[in-house]
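Note that the protein sequences, when read in sequence, are chains A and B.
As numbered in the working numbering, the first sequence has no gaps in its residue numbers, which increase by one up to the final residue, 46.
As numbered in the working numbering, the second sequence has no gaps in its residue numbers, which increase by one up to the final residue, 790.
Yeah, the Cβ is synthetic: ideal placement off N, Cα and C, and Gly gets one too.
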Amino acid sequence: MIQTIVAVLILILALAYLVNKFLYPLPFFNSKKDPKNCGNSDCGCS
Amino acid sequence: MSKNINVALIGNPNTGKTSVFNQLTGLKQKVGNYPGITVEKKEGICKLPRGVKAYILDLPGTYSLNTTSLDESVVVELLLNKNDKDYPDVAVVISDVENLKRNLLLFTQIKDLKIPSILVINMADRMDRKGISLDVELMEQRLDTKIALVSTRKGFGIDRLKELIANYKQLSNKPNINTAVIAPEYFKNLKEVFPKEDLYKLWLVITQDVNFMPIERNAAASVNEFKAKSKTELKRLQHKETVLRYQFINGILKETYKKDFRTAKGFRGSLDKILTHKFFGYLIFFAILLTIFQAIFDWSGYPMDFIDAQFAALADWTKNTLPPGILTDLLAEGIIAGIGGVVIFIPQIAFLFLFISLLEESGYMSRVVFLMDKLMRPFGLSGKSVVPLMSGTACAIPAVMATRTIENWKERLITILVVPFTTCSARLPVYLILIALVIPEGRFIGLSYQALTLMGLYLLGFVMSLCSAMILNKILKIKSRSLFMIEMPAYRLPLFKNVFYTVVEKTKSFVLGAGKIILAISIVLWFLGSYGWSNEFKNAETIVKERIDNEGFNAYSKNYLQNNLEAFKYQLKDSALSKNDKIDLTNIRTALQERDVELHDRLVEQEIASFKLENSFIGQAGKAIEPIVKPLGYDWKIGIAVITSFAAREVFVGTLATIYSVGSDEEETIKNRMAAEVNANGKPLFNLATGVSLMLFYAFAMQCMSTLAIVKRETNSWKWPLYQLLFMSAIAYVTAFTAYQILK
Numbered sequence: 001m002i003q004t005i006v007a008v009l010i011l012i013l014a015l016a017y018l019v020n021k022f023l024y025p026l027p028f029f030n031s032k033k034d035p036k037n038c039g040n041s042d043c044g045c046s
Numbered sequence: 047m048s049k050n051i052n053v054a055l056i057g058n059p060n061t062g063k064t065s066v067f068n069q070l071t072g073l074k075q076k077v078g079n080y081p082g083i084t085v086e087k088k089e090g091i092c093k094l095p096r097g098v099k100a101y102i103l104d105l106p107g108t109y110s111l112n113t114t115s116l117d118e119s120v121v122v123e124l125l126l127n128k129n130d131k132d133y134p135d136v137a138v139v140i141s142d143v144e145n146l147k148r149n150l151l152l153f154t155q156i157k158d159l160k161i162p163s164i165l166v167i168n169m170a171d172r173m174d175r176k177g178i179s180l181d182v183e184l185m186e187q188r189l190d191t192k193i194a195l196v197s198t199r200k201g202f203g204i205d206r207l208k209e210l211i212a213n214y215k216q217l218s219n220k221p222n223i224n225t226a227v228i229a230p231e232y233f234k235n236l237k238e239v240f241p242k243e244d245l246y247k248l249w250l251v252i253t254q255d256v257n258f259m260p261i262e263r264n265a266a267a268s269v270n271e272f273k274a275k276s277k278t279e280l281k282r283l284q285h286k287e288t289v290l291r292y293q294f295i296n297g298i299l300k301e302t303y304k305k306d307f308r309t310a311k312g313f314r315g316s317l318d319k320i321l322t323h324k325f326f327g328y329l330i331f332f333a334i335l336l337t338i339f340q341a342i343f344d345w346s347g348y349p350m351d352f353i354d355a356q357f358a359a360l361a362d363w364t365k366n367t368l369p370p371g372i373l374t375d376l377l378a379e380g381i382i383a384g385i386g387g388v389v390i391f392i393p394q395i396a397f398l399f400l401f402i403s404l405l406e407e408s409g410y411m412s413r414v415v416f417l418m419d420k421l422m423r424p425f426g427l428s429g430k431s432v433v434p435l436m437s438g439t440a441c442a443i444p445a446v447m448a449t450r451t452i453e454n455w456k457e458r459l460i461t462i463l464v465v466p467f468t469t470c471s472a473r474l475p476v477y478l479i480l481i482a483l484v485i486p487e488g489r490f491i492g493l494s495y496q497a498l499t500l501m502g503l504y505l506l507g508f509v510m511s512l513c514s515a516m517i518l519n520k521i522l523k524i525k526s527r528s529l530f531m532i533e534m535p536a537y538r539l540p541l542f543k544n545v546f547y548t549v550v551e552k553t554k555s556f557v558l559g560a561g562k563i564i565l566a567i568s569i570v571l572w573f574l575g576s577y578g579w580s581n582e583f584k585n586a587e588t589i590v591k592e593r594i595d596n597e598g599f600n601a602y603s604k605n606y607l608q609n610n611l612e613a614f615k616y617q618l619k620d621s622a623l624s625k626n627d628k629i630d631l632t633n634i635r636t637a638l639q640e641r642d643v644e645l646h647d648r649l650v651e652q653e654i655a656s657f658k659l660e661n662s663f664i665g666q667a668g669k670a671i672e673p674i675v676k677p678l679g680y681d682w683k684i685g686i687a688v689i690t691s692f693a694a695r696e697v698f699v700g701t702l703a704t705i706y707s708v709g710s711d712e713e714e715t716i717k718n719r720m721a722a723e724v725n726a727n728g729k730p731l732f733n734l735a736t737g738v739s740l741m742l743f744y745a746f747a748m749q750c751m752s753t754l755a756i757v758k759r760e761t762n763s764w765k766w767p768l769y770q771l772l773f774m775s776a777i778a779y780v781t782a783f784t785a786y787q788i789l790k
């Protein structure tokens with residue numbers, strides 16, 4: 001029983017880490033916009 | 047009472063700013079003997095005499111305050127904005143004793159901004175060897191500053207520098223040059239429009255190529271008016287200003303700087319002629335690359351096998367020692383197997399970075415950049431793209447950031463888009479394991495086929511980046527190319543300390559960076575491979591046992607059983623003969639029967655585990671994607687590894703190690719598990735066709751989420767990383783498909 005609880009906790013931690021690492025930076029999860037432009041006048045990003 | 051001050055380290059590229067930064071702060075930022083390593087500002091803290099605490103800012107290298115690229119503009123933005131929280135109380139201008147004339151141009155510009163400035167003359171240990179003598183006191187008087195003679199290699203002069211920084215209030219902030227003399231009328235007008243602004247600061251804002259707004263908006267609008275009126279005239283005035291500065295500098299150096307050319311005569315010139323020769327230069331570079339790849343294979347084989355065996359033993363020990371249960375299985379089959387998939391590659395990664403670091407430290411890397419510039423021009427890239435492409439061999443993320451030195455936006459964009467084709471260290475584990483599995487161990491003129499294959503893959507990545515640049519150049523059309531200028535640093539004996547730190551830091555960041563991702567993915571994969579909801583999964587034992595009773599073992603198990611029993615029979619005979627015993631057939635028959643029962647039970651267990659894996663969550667997902675990856679020669683297990691590698695390439699080996707470990711009781715290394723995999727025909731799954739197909743797929747596919755995120759940040763749009771992902775994946779699929787169909 002203890003083994004199962006610890007194993008499931010490890011699984012939850014691993015999933016949380018992966019979500020934080022890969023899914024959180026995507027715009028769907030994080031709507032904060034980067035206000036910095038690239039500094040060039042002809043790139044269309046400013 | 048302790049005070050806090052801001053100190054900015056500024057200087058030309060490759061003058062050793064980061065080395066001074068590291069010695070002041072005790073930090074270990076990356077340093078190297080080639081320009082363009084620092085593209086962002088870095089901060090550290092230094093405790094100075096009398097309780098003064100200094101926030102040290104290491105800024106990207108710039109030749110002057112007339113910036114043209116984004117990394118250089120970081121310096122000017124800071125120096126022109128007094129409201130910036132990092133605005134320096136004192137500027138420490140780092141110069142190189144051998145290039146003082148050029149370095150002093152930047153110093154006089156900073157001094158004219160009325161910022162208290164200290165001049166550091168670095169690499170002072172080379173003065174004797176190069177026949178240089180300096181009248182420091184006179185130079186201090188003429189430049190109206192304080193000077194610290196420093197050698198970061200020998201570690202002297204840092205204490206004096208700290209003392210000078212602590213006493214920064216005693217420094218003069220009078221300008222060196224009155225810039226207004228270059229166009230008195232123009233500057234008079236400026237003064238009338240902006241009576242409160244500093245004239246030299248205004249002049250810099252007006253003449254910048256990089257677009258930024260460090261001064262108030264209303265004032266900026268007026269400045270733009272000034273700017274628009276006479277752009278060519280401004281360039282002419284800028285030129286006049288530079289001439290004025292050099293006249294001032296020449297006057298000072300004539301009095302204070304002496305160089306005995308008879309002493310200075312060295313072998314650098316003749317060495318440069320050979321190393322940058324249009325034929326021998328490439329030949330030498332090619333030979334160096336070959337030596338590196340040969341060494342990676344020859345030297346790291348033993349430690350790699352050792353680590354692999356230790357992890358297999360650890361997994362076995364865990365399973366046999368800890369109480370049986372889900373956690374023990376997760377540890378043995380998921381976590382240990384997954385971590386083993388990263389740690390096994392430490393020797394190769396360390397050797398790769400050792401060689402890269404030696405090349406950087408010695409000054410040879412700048413010669414390579416010079417050579418590559420010639421090679422790249424026909425493909426539409428300038429030499430400014432070489433540094434990012436070379437950095438890409440370590441990791442694409444700093445390489446994408448290194449493109450900030452390219453002032454032309456389209457050229458910069460093309461470089462960003464093609465950088466991920468260069469072979470990064472994350473591809474190395476995938477290549478190494480596949481090469482070891484499918485390329486024979488023979489040699490060709492003393493060079494192993496395996497090393498040649500690895501070098502071929504590195505070259506393939508580089509060629510692909512050039513070809514893609516050529517295509518993009520046709521689509522995006524660059525009108526003017528960036529001006530490329532590279533400094534050839536002096537040759538130096540690599541400093542053991544720097545090489546050691548680079549190797550340790552790079553290896554550590556690979557293991558920790560990749561290790562965390564691989565560990566997390568291994569855990570998730572183990573769960574997905576150990577559980578399932580289908581009836582087949584739940585009744586696996588009954589189904590498999592019934593099938594074995596009715597049809598016997600599958601092709602692989604039959605072969606395995608037969609070969610193993612044959613081998614055991616010969617072993618028994620040999621053992622009897624070696625003891626000069628008579629061969630007792632009854633004994634042999636009994637031993638064989640016992641062995642048969644033992645193997646039978648083990649194979650039944652293995653077939654059950656394999657059937658369960660196929661019907662687990664991951665098995666079902668793998669089967670669903672199998673039609674897509676089958677034309678490339680991959681089974682569903684490789685398909686899963688390819689999919690998980692889209693997070694990061696190095697996950698590939700860890701994923702396969704975990705998938706092949708699920709339900710397995712045998713102590714086995716990752717390499718042996720992969721070599722033992724068979725396809726439906728009972729033949730090795732990792733054959734030449736599949737191996738080449740996989741290597742090509744990994745050479746071209748965009749499998750790194752972190753790189754995509756950094757491309758998004760640098761281009762400020764998701765459009766470009768998305769194009770990059772689609773373009774590279776399409777090329778990867780088509781080439782892998784073609785290779786497999788031809789070779790199978």
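What does a CB cutoff of less than 7 Å around residue i pick up in its chain, not counting 5 residues either side in sequence?
i, result
"residue 122/B", "111, 113, 250 and 254"
"residue 192/B", "164, 186, 210 and 217"
"residue 458/B", "449 and 452"
"residue 333/B", "none"
"residue 291/B", "151, 154 and 223"
Among the residues of its own chain, which have a CB less than 8 Å from the CB of residue i, if the five just before and after it don't count?
i, result
"residue 96/B", "212"
Between residue i and residue j, what straight-line distance do the alpha-carbon atoms span, to the nearest angstrom?
i, j, result
"residue 141/B", "residue 232/B", "32 Å"
"residue 514/B", "residue 464/B", "6 Å"
"residue 131/B", "residue 103/B", "12 Å"
"residue 350/B", "residue 719/B", "15 Å"
"residue 364/B", "residue 376/B", "10 Å"
"residue 29/B", "residue 572/B", "In this structure chain B extends from 47 to 790, so residue 29/B is not present and cannot be described."
"residue 497/B", "residue 87/B", "39 Å"
"residue 262/B", "residue 133/B", "For residue 262/B, the pLDDT reaches just 47, beneath the cut-off of 50, and the residue's location in the model is therefore unreliable, although a value from the coordinates is still provided. Looking at the two C-alpha atoms, the distance is approximately 16 Å."
"residue 90/B", "residue 138/B", "14 Å"
"residue 477/B", "residue 633/B", "48 Å"
"residue 616/B", "residue 8/A", "48 Å"
"residue 1/A", "residue 371/B", "9 Å"
Keeping to the same chain, check which residues put their C-beta closer than 6 Å to that of residue i; ignore five residues upstream and five downstream.
i, result
"residue 115/B", "451 and 453"
"residue 516/B", "425 and 426"
"residue 188/B", "298"
"residue 280/B", "253"
"residue 3/A", "none"
"residue 687/B", "698, 701 and 702"
"residue 51/B", "100 and 135"
Could you tell me whether any non-hydrogen atom of the ligand MG is closer than 6 Å to the CB of residue i?
i, result
"residue 621/B", "Looking for the ligand MG in the displayed structure turns up nothing, as the structure carries no ligands at all."
* Counting only runs that start and end within the segment 204-241 of chain B, where is the alpha helix (DSSP H) found for 4 or more residues in a row? -> 204-212 and 230-239
* Are the segment 498-518 of chain B and the segment 372-388 of chain B touching by the rule of at least three beta carbon pairs closer than 8 Å? -> no
* Whole runs of the beta strand (DSSP E) within the segment 136-209 of chain B, excluding any shorter than 3 residues -> 136-142, 163-168, 178-180 and 192-195
* What alpha helix (DSSP H) runs, 4 residues minimum, are completely inside the segment 677-758 of chain B? -> 682-690, 697-707, 716-722 and 734-746
* Asked: Does the pairing of the segment 54-61 of chain B with the segment 142-161 of chain B give three or more beta-carbon distances under 8 Å?
  -> yes
* Asked: Three or more beta-carbon pairs under 8 Å between the segment 668-687 of chain B and the segment 594-612 of chain B, yes or no?
  -> no
* Closer than 9 Å, Cβ to Cβ, to anything on chain A: give me those residues from the segment 552-568 of chain B, in chain order. => 562, 563, 565, 566, 567 and 568
* **Given 8 Å, three or more beta-carbon pairs between the segment 406-418 of chain B and the segment 564-576 of chain B** => no
* Can you check the segment 274-332 of chain B for any beta strand (DSSP E) of at least 3 residues that lies completely inside it and give the ranges in chain order? => 303-305
* Output, in sequence order along the chain, the residues in the segment 358-372 of chain B whose CB is closer than 7 Å to any CB in chain A. => 371 and 372
* Answer yes if the segment 749-763 of chain B comes into contact with the segment 688-706 of chain B, meaning at least three C-beta pairs across the two stretches below 8 Å, and no otherwise. => yes
* Asked: Would the segment 468-481 of chain B and the segment 772-782 of chain B be scored as touching if the rule is three or more Cβ pairs under 8 Å?
  -> no
* For the segment 442-456 of chain B, which residues have a CB atom closer than 7 Å to at least one CB atom of chain A, in sequence order? -> 455
* Okay, do the segment 582-597 of chain B and the segment 431-442 of chain B touch, 3+ Cβ pairs below 8 Å being the bar? -> no
* Asked: Is the segment 169-184 of chain B touching the segment 196-206 of chain B, taking contact as three or more C-beta pairs under 8 Å?
  -> yes
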